[in-house]
Amino acid sequence: MPRGRKILRRRIFKFNLIQPKDLYCIFPLAAGNGTPVDSFTWDSVIVKDGQEIVFTEEQQRERYRKYVERNIGAVLKEKRLYVKGVEKSENILSVEVPGRGIDLVGRTDLLILSDIVKENPRNLQHLPEVKMLIEVKRNIKSSCDFQALSELIALDLLVDDPVVALLTDLRGDWVFFWVSGKENNATRIHKAIIKNPDEAFQVIRTLLEQPSTADTEIEFPCFQNPVKRRKLSQVMPLIGEGGESGKIHECIERYYDIAITP
Numbered sequence: 056m057p058r059g060r061k062i063l064r065r066r067i068f069k070f071n072l073i074q075p076k077d078l079y080c081i082f083p084l085a086a087g088n089g090t091p092v093d094s095f096t097w098d099s100v101i102v103k104d105g106q107e108i109v110f111t112e113e114q115q116r117e118r119y120r121k122y123v124e125r126n127i128g129a130v131l132k133e134k135r136l137y138v139k140g141v142e143k144s145e146n147i148l149s150v151e152v153p154g155r156g157i158d159l160v161g162r163t164d165l166l167i168l169s170d171i172v173k174e175n176p177r178n179l180q181h182l183p184e185v186k187m188l189i190e191v192k193r194n195i196k197s198s199c200d201f202q203a204l205s206e207l208i209a210l211d212l213l214v215d216d217p218v219v220a221l222l223t224d225l226r227g228d229w230v231f232f233w234v235s236g237k238e239n240n241a242t243r244i245h246k247a248i249i250k251n252p253d254e255a256f257q258v259i260r261t262l263l264e265q266p267s268t269a270d271t272e273i274e275f276p277c278f279q280n281p282v283k284r285r286k287l288s289q290v291m292p293l294i295g296e297g298g299e300s301g302k303i304h305e306c307i308e309r310y311y312d313i314a315i316t317p
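Each residue of the sequence shown is one higher than the one before, counting from 56 in our numbering.
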């Protein structure tokens, strides 16, 4: 988890969530994609005294990586993408903020990116054609939002194209985050909650089928309105600009302007 959480926790966020009752399918599931998807089953063992011991997320990463891969396999093959499990020691989401002594340091659990990483794992550091990150928790708490947000921000700063973050227990909570634009001088990060894996995987497949360029309008299943993903640099111009005013740390200090809205 990027340590940026300590930055984000100091800021005020306005949570106006897209609730499941506000979502509806824009179009029927396409042929071949409508098969019901089972929830992921977390492994556990029963010891002699009857106590149940549940394996950690870390111990089950390869199992849930294959679960995700299996449910989006066709689009992965078509787009030459790969679901990469990130090892605990790989702080792939690390961004130094110059001049402020602030580091976003950490990783996520899964990344969906170019399959050249499968052929040569050393390419992971370049995050080629990365589309989204997935943070997996067996039990999701409200504080997990800060972790997903800090990972989204770190990944956005590291790559050229807009990205999406997914926080999920792989069962009944699938929470998507993306930078959507600017309104009333506040940067908007939208948050959508989906409660079943069928719709969640359809959203993921739709996302992976789209161009990565910013401002591409996407009609996601179960979202009332089309979605536009943007870069923080588009809606917070200090990111990426030259000179003192362009330093990334000045943008970090402005994260209090970020609001999460429908």
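Backbone N, C-alpha and C define an ideal beta-carbon position, used for all residues, glycine too.
Please read all numbers here as calculations on a predicted model, not as lab measurements.
Can you tell which of Thr-242, Leu-213, Ala-247, Asp-215 has its C-alpha closest to the C-alpha of Leu-222?
Ala-247
Coil, strand or helix - Ala-85 by DSSP
Because Ala-85 sits at a pLDDT of 32, beneath the cut-off of 50, its placement in the model cannot be relied upon, and the following sentence gives the value as read from the coordinates. Reduced to three states, the DSSP call for Ala-85 is coil.
Quick one: is Ala-220 buried, meaning 16 or more other Cβ sit within 10 Å of its Cβ, or exposed?
Residue environment for Ala-220: buried (at least 16 other C-beta atoms within 10 angstroms of its C-beta).
CB-CB length for Val-258 against Phe-231, believed under 8 Å:
7 Å
Are the CB atoms of Leu-179 and Tyr-137 within a distance shorter than 8 Å?
no
Consult DSSP for Gly-128 and reduce its assignment to one of helix, strand or coil.
helix
Note the first and the last residue of the continuous alpha helix (DSSP H) segment covering Thr-376.
It is not possible to answer for residue 376, since the shown part of the chain is limited to 56 through 317.
Assuming Leu-182 and Glu-206 form a contact by the criterion Cβ under 8 Å, report the distance between their Cβ atoms to the nearest whole angstrom.
Contact annotation, Leu-182 with Glu-206: C-beta distance approximately 12 Å; criterion of less than 8 Å not satisfied.
Relative to the C-alpha of Gly-161, which candidate in Ile-171, Asp-170, Val-150 has its C-alpha closest?
Val-150
When you compare each of Val-214, Glu-112, Asn-126, Asp-200 to Leu-148 by their alpha carbons, which one comes out closest?
Checking every option, the nearest Cα to that of Leu-148 belongs to Val-214.
Is there contact here, the stretch 92-108 with the stretch 251-267, by at least three beta-carbon pairs under 8 Å?
yes
Among residues of its own chain, excluding the 5 on either side of Asp-170, which ones have a beta-carbon nearer than 7 Å to its beta-carbon?
The beta carbon of Asp-170 sits closer than 7 Å to those of Arg-135, Leu-136, Tyr-137, all from its chain and outside the five residues before and after it, given in chain order.
At 3 residues or longer, and completely inside the stretch 180-225: list those beta strand (DSSP E) runs for me, N to C.
Assignment of beta strand (DSSP E) within the stretch 180-225, counting only whole runs of 3 or more residues, yields 187-191, 219-223 in chain order.
Hey, how far is the Cα of Ala-209 from the Cα of Ser-288?
12 Å
Can you tell which of Thr-163, Glu-272, Gln-279, Pro-281 has the C-alpha that lies nearest to the C-alpha of Ser-144?
Thr-163
Alpha-carbon spacing of Gln-279 relative to Ile-101, whole angstroms
44 Å
Curious, which full-length alpha helix (DSSP H) runs of at least 4 residues does the stretch 229-293 contain?
Complete alpha helix (DSSP H) runs here, min 4: 252-264, 287-290.
Using DSSP with H/G/I as helix, E/B as strand and the rest coil, what is Glu-133?
helix
Could you check which residue in Leu-262, Asn-239, Tyr-119, Ile-249 has the C-alpha nearest to that of Gly-227?
Ile-249
Let me know the secondary structure DSSP gives Ile-171 once reduced to three states.
helix
Extent of the continuous beta strand (DSSP E) to which Val-100 belongs:
99-101
Specify the secondary structure class of Val-138 as computed by DSSP and reduced to three states.
strand
Helix, strand or coil for Val-123? Go by DSSP, reduced to three states.
helix
Val-92 - containing beta strand (DSSP E), residue span
Run containing Val-92: none; DSSP gives neither H nor E here.
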